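Participant: 56 is the number that our numbering gives to position 56 of the sequence shown; each next residue is one higher, with no gaps. The C-beta atom is built at its ideal place from N, Cα and C for all residues, glycine as well. Predicted, not measured: the structure shown is a model, and the values here were computed from it. Before I ask anything, here is the structure I am working with.
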Amino acid sequence: MKLNNELANRIKDDFNSLAPGTKGAFSYPEFNQHEVESLLNELHIKFPTIFSKPDTYYDQAVNVIITHPKNR
Numbered sequence: 001m002k003l004n005n006e007l008a009n010r011i012k013d014d015f016n017s018l019a020p021g022t023k024g025a026f027s028y029p030e031f032n033q034h035e036v037e038s039l040l041n042e043l044h045i046k047f048p049t050i051f052s053k054p055d056t057y058y059d060q061a062v063n064v065i066i067t068h069p070k071n072r
């Protein structure tokens with residue numbers, strides 16, 4: 001899979017925007033949702049304590065919970 005750098009940077013920025021020990025819900029509707037789901041699934045497999053398994057809701061956008069661990 002070719003990595004979408006803009007999407008990867010947005011996910012990284014969202015992770016960095018969280019204070020340690022907190023979590024947030026994010027979606028990326030401006031990107032191709034198949035790419036979003038694929039990348040987030042890969043991140044969930046590699047980092048299951050940080051990235052929840054992505055889910056698709058009624059609005060058809062892929063959503064994910066990102067957790068910023070306290071000790072990093």
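If you draw a straight line from the C-alpha of ALA25 to the C-alpha of ASN63, how long is it?
Facilitator: Sequence index remark: in the sequence shown, residue 25 carries index 25 (1-based). Sequence index remark: in the sequence shown, residue 63 carries index 63 (1-based). When only Cα atoms are considered, ALA25 and ASN63 end up about 7 Å apart.
Participant: For the candidate residues PHE15, ALA61, PRO29, ALA8, whose alpha-carbon lies nearest to that of ILE79?
Facilitator: No statement about residue 79 is possible, as the shown extent of the chain runs from 1 to 72 and does not include it.
Participant: What three-state label does DSSP hand PRO54 in the structure shown?
Facilitator: For the purposes of this step, residue 54 is taken as the residue at position 54 of the sequence shown. PRO54 falls in the coil class under three-state DSSP.
Participant: Grouping DSSP H, G and I as helix and E and B as strand, with all else coil, what is ALA19?
Facilitator: Within the sequence shown, residue 19 is the residue found at index 19, counting from 1. Three-state DSSP puts ALA19 in coil, outside helix and strand.
Participant: What first and last residue would you give for the alpha helix (DSSP H) that runs through ASN41?
Facilitator: Residue mapping note: residue 41 aligns to position 41 of the sequence shown, counting from 1. Where ASN41 is concerned, the enclosing alpha helix (DSSP H) stretches over 33-46.
Participant: Give me, in chain order, the residues of the same chain whose beta-carbon lies closer than 7 Å to that of VAL36; leave out the 5 immediate sequence neighbours on both sides.
Facilitator: For this step, residue 36 is matched to residue 36 along the sequence shown. Sequence-distant partners of VAL36 (beyond 5 residues in either direction) whose C-beta falls short of 7 Å from its own C-beta, in its chain, are LEU7, TYR28, VAL62.
Participant: Going by other Cβ atoms of all chains shown within 10 Å of its Cβ, with 16 needed for buried, is ILE45 buried or exposed?
Facilitator: Reading the sequence shown from its first residue, position 45 is the one you call residue 45. ILE45 comes out exposed.
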